[in-house]
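First to last, the sequence lines map onto chains V and C.
Residue numbers for the first sequence follow this note's numbering, beginning at 1 and rising by one.
Residue numbers for the second sequence follow this note's numbering, beginning at 247 and rising by one.
Glycine residues also receive a C-beta, built at the ideal position from the N, C-alpha and C atoms.
In this text the structure is predicted, and so the values were computed from the model without any measurement.
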Amino acid sequence: MTSLPKTPPAKRLGLVIDLDTCVGCHACVVNCKEWNTGGYPAPLSDINPYGDKQSGAWLNRVHSFEVGRGADSQTVHFPKSCLHCEDAACVTVCPTGASYKREADGIVLVDEERCIGCGLCAWACPYGAREMDPLGGVMKKCTLCIDRIYNENIPEAQRQPACVNTCPARARHFGNFADPDSEVSKLVADRGGVDLMPEMGYRPTNKYLPPRPKTKEHTAAAGRAALAAADPDGGFLGWLDRLLSD
Amino acid sequence: MNPAYSVLVFTTASGAGYGMLIWLGILAPLGMLPANGWFGFWALALALGLVTVGLLSSTLHLGHPERAWRAFSQWRSSWLSREGCLAVATYLPAGVFGIGWVFFDRPDGVFALCAALAGLLAVGTVACTAMIYASLKTVRQWHNLQVLPIYLVFALMTGALGLYAVYAVFMAGQIWLGSIAGLAVLSAWALKWVYWNGLDDSTGESTAATATGLADLGPVSLLDLPHSEENFLMKEMGYRVARKHAVKLRGIAVLLGGALPLVCLLMSFASSGGLAAVLAVLALLSGLAGTLLERWLFFAEATHKVMLYYGAEAA
Chain V
1 MTSLPKTPPA
11 KRLGLVIDLD
21 TCVGCHACVV
31 NCKEWNTGGY
41 PAPLSDINPY
51 GDKQSGAWLN
61 RVHSFEVGRG
71 ADSQTVHFPK
81 SCLHCEDAAC
91 VTVCPTGASY
101 KREADGIVLV
111 DEERCIGCGL
121 CAWACPYGAR
131 EMDPLGGVMK
141 KCTLCIDRIY
151 NENIPEAQRQ
161 PACVNTCPAR
171 ARHFGNFADP
181 DSEVSKLVAD
191 RGGVDLMPEM
201 GYRPTNKYLP
211 PRPKTKEHTA
221 AAGRAALAAA
231 DPDGGFLGWL
241 DRLLSD
Chain C
247 MNPAYSVLVF
257 TTASGAGYGM
267 LIWLGILAPL
277 GMLPANGWFG
287 FWALALALGL
297 VTVGLLSSTL
307 HLGHPERAWR
317 AFSQWRSSWL
327 SREGCLAVAT
337 YLPAGVFGIG
347 WVFFDRPDGV
357 FALCAALAGL
367 LAVGTVACTA
377 MIYASLKTVR
387 QWHNLQVLPI
397 YLVFALMTGA
407 LGLYAVYAVF
417 MAGQIWLGSI
427 AGLAVLSAWA
437 LKWVYWNGLD
447 DSTGESTAAT
457 ATGLADLGPV
467 SLLDLPHSEE
477 NFLMKEMGYR
487 VARKHAVKLR
497 GIAVLLGGAL
507 PLVCLLMSFA
517 SSGGLAAVLA
527 VLALLSGLAG
537 TLLERWLFFA
547 EATHKVMLYY
557 GAEAA
């Protein structure tokens, strides 16, 4: 079971994350925890959740990076969850068959009943997608909300991962990458979506859209220029300026 | 990487036990083992005792030790599963060899064949242990061609020291075996020295820029962690304690696991009786202690690529 599917999955479900529009609000992080602590991988336990030194299992986290230096730098908020790799090393290292990649849609899941909590899959993942549940002693990871996306008991518009549904900036998009006409495939083609750590060769399904280039009027230098002392340009103020300058 | 004590004890103790089985598997077919049941009992008790203590220790590392049996199922893809299968399979021929040697004073014939088979399986088990680490592309200090030979040579080293100690305590120290152990000590630490020097001269190919895919926009550095408190990933992969002492600790490991066993071996060659036995046991204990420190460094010096998302610049 921990061998990868022999034929590529018919569907390749995953996320596109738009680093241009993400505002770093962490709503996706909170809604992920909220849904999944009651959903498929439930519970996502916490140690000392309301006190000092709390820790717990989260399936989605937002990091923030400074990119560029000085006046040209910008802050890039960087949400990160499982990328559902095509060559998922976390699956092949698993000794029990608990970790597997679904043949139908490419989603990487953990069968918690089989997981012995050895932690090797977390060692094999360069993206930090897997976290050990501190109380359950089993590995937790993003399920792409399989209990939402195929759930016929909720309105069709909500059959998306919780993080996608909740994002107020529409920075997260869910879809099928095997279909070149899907919204996610088009976004990747139009905006130059990239793989994280392509040198690892794991071929992640999730893609990241880099921030759009800044227009001139949005740079820090343009802002500073707008604040610099300036002489009035003719008119009454120009006359006053000339008078006071003498 | 966080050096979990259960894993350090496992690879050190079971490495020594499998190393002893490898030497027994070589010496039995050559007819070089004494046809003495009691000697056989103590040799195999030490070898299988070390293996068993190590394997039990490894299960302490698990979140669900009671499900450990499930790890025998995925030998097609997983080095950890292969290790588990071979570790248990080794007991069978080792047990048959033990019956012949201990109860019938016969470390020869078909029992010697079983010893050889147990030795081969022991080589396989240690190799699988090494491959668990060497197959992980996420840790460049582990994803290294030298890791497999290092694990094997350290098993041969501690195994030879173990067998020499059994000879010295229950019979008489054998200079030929002590010399083999001494050579194994020299080769193990020489190989480790080359490995350490190689690490110091290399850096990882992954950077914060490749991890975020933002290289085109300029230098990338972490501004904020995702949470204010440490998480599982930071505790497990972001181990930093005493890393700054790594170079000193390497020296201590070489002295403890290399120089001290050699001195003890040479002194035991020149002495006899109880003193020789004590020196042989000291050689084994210092060899194990040095190997334990070497394993600690193997983890503590290993940097995981996920730390690129937590402030590391390259990994």
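For residue i, the three-state DSSP class (helix, strand or coil)
i	result
Phe65 (chain V)	strand
Asp446 (chain C)	helix
Val415 (chain C)	helix
Leu109 (chain V)	strand
Leu209 (chain V)	strand
Asp46 (chain V)	strand
His550 (chain C)	strand
Leu487 (chain C)	A small correction: the amino acid at residue 487 (chain C) is Val; Leu does not occupy that position in the sequence shown. Correct three-state label for Val487 (chain C): coil.
Ser81 (chain V)	strand
Met247 (chain C)	coil
Ser323 (chain C)	coil
Ala274 (chain C)	coil
Val527 (chain C)	helix
Those residues which DSSP pairs with residue i across a bridge
i	result
Val76 (chain V)	V:Phe65
Phe174 (chain V)	V:Leu15
Ala560 (chain C)	C:Thr453
Met132 (chain V)	V:Met139
Asn153 (chain V)	Looking at the DSSP assignment, Asn153 (chain V) forms no beta bridge with any residue, so it has no partner.
Lys101 (chain V)	V:Val108
Val466 (chain C)	V:Val67
Gly56 (chain V)	V:Asp46
Val194 (chain V)	V:Tyr208
Val91 (chain V)	Answer is none; Val91 (chain V) lacks a bridge partner.
Val385 (chain C)	C:His550
Sequence-distant residues of the same chain with beta carbon closer than 6 angstroms to residue i, five excluded per side
i	result
Cys167 (chain V)	Cys28
Thr453 (chain C)	Ala560
Glu86 (chain V)	Arg203
Cys145 (chain V)	Pro161, Ala162
Leu539 (chain C)	Ala499
Lys11 (chain V)	Asp105, Asn176, Ala178
Within 8 angstroms, strictly: CB atoms of residue i and residue j
i	j	result
Ala88 (chain V)	Lys101 (chain V)	yes
Leu44 (chain V)	Asp111 (chain V)	no
Ser467 (chain C)	Gly503 (chain C)	no
Thr7 (chain V)	Ser324 (chain C)	no
Ala262 (chain C)	Ala376 (chain C)	no
Glu103 (chain V)	Pro9 (chain V)	yes
Thr205 (chain V)	Gly128 (chain V)	no
Pro249 (chain C)	Trp435 (chain C)	no
Leu83 (chain V)	Ala457 (chain C)	no
Pro210 (chain V)	Val194 (chain V)	yes
Leu294 (chain C)	Pro353 (chain C)	no
Phe357 (chain C)	Gly283 (chain C)	no
Tyr379 (chain C)	Val369 (chain C)	no
Ser81 (chain V)	Cys142 (chain V)	yes
Leu525 (chain C)	Ser514 (chain C)	yes
Leu530 (chain C)	Val76 (chain V)	no
Sequence-distant residues of its chain with Cβ nearer than 7 angstroms to residue i (five each side left out)
i	result
Ala364 (chain C)	Leu267, Gly271, Thr336, Pro339, Ala340, Phe343
Ala252 (chain C)	One point to set straight first is that residue 252 (chain C) is Ser, not Ala, in the sequence displayed. Counting only Cβ-Cβ distances below 7 angstroms, and skipping sequence neighbours, we find Ser303, Ser304, Leu306, His307.
Val255 (chain C)	Gly300, Ser303
Ile116 (chain V)	Thr96
Ala548 (chain C)	Met247, Val385, Gln387, Trp388
Ala314 (chain C)	Thr305, Leu308
Trp321 (chain C)	Ser327, Arg328, Cys331
Ala650 (chain C)	Given that chain C is displayed from residue 247 to residue 561, the structure contains no residue 650 (chain C) and the question cannot be resolved.
Sequence-distant residues of the same chain with beta carbon closer than 8 angstroms to residue i, five excluded per side
i	result
Gly68 (chain V)	Gln74
Gln54 (chain V)	Asp46, Ile47, Asn48
Met483 (chain C)	Met247, Asn248, His550, Val552, Met553
Trp58 (chain V)	Val29, Cys32, Lys33, Leu44, Glu131
Min CB distance residue i to chain A below 8 angstroms
i	result
Leu196 (chain V)	The chain labelled as chain A is not found among the protein chains of the depicted structure, namely V and C.
Worksheet item: Between the region 27-43 of chain V and the region 149-165 of chain V, are three or more C-beta pairs nearer than 8 angstroms?
Response: Judged by Cβ distances under 8 angstroms, the region 27-43 of chain V makes contact with the region 149-165 of chain V, as three or more pairs qualify.
Discussion item. With a threshold of 8 angstroms, are at least 3 pairs of Cβ atoms found where one atom belongs to the region 301-311 of chain C and the other to the region 439-451 of chain C?
Written reply: The region 301-311 of chain C is not in contact with the region 439-451 of chain C.
Item to complete: Indicate whether the contact test is met: 3 or more Cβ pairs, each with one atom in the region 215-226 of chain V and one in the region 359-379 of chain C, closer than 8 angstroms.
Response: Taking 8 angstroms as the limit for Cβ pairs, the verdict is that the region 359-379 of chain C does not touch the region 215-226 of chain V.
Worksheet item: Is there contact between the region 508-515 of chain C and the region 481-493 of chain C, where contact requires at least three CB pairs shorter than 8 angstroms?
Response: Here the region 508-515 of chain C does not lie against the region 481-493 of chain C, with fewer than 3 beta-carbon pairs under 8 angstroms apart.
Discussion item. Using 8 angstroms as the cut-off, can you tell me whether the region 130-145 of chain V makes contact with the region 33-41 of chain V, which would need three or more C-beta pairs spanning the two stretches below that distance?
Written reply: They touch, by the three-pair rule.
Discussion item. Between the region 7-16 of chain V and the region 176-184 of chain V, can you find at least three pairs of beta-carbon atoms closer than 8 angstroms?
Written reply: Yes, since at least three Cβ pairs between the region 176-184 of chain V and the region 7-16 of chain V fall closer than 8 angstroms, the two stretches touch.
Worksheet item: Within the chosen definition, does the region 311-331 of chain C reach the region 368-387 of chain C through at least 3 CB pairs nearer than 8 angstroms?
Response: Three or more beta-carbon pairs drawn from the region 311-331 of chain C and the region 368-387 of chain C are found closer than 8 angstroms, and the two stretches are therefore classed as touching.
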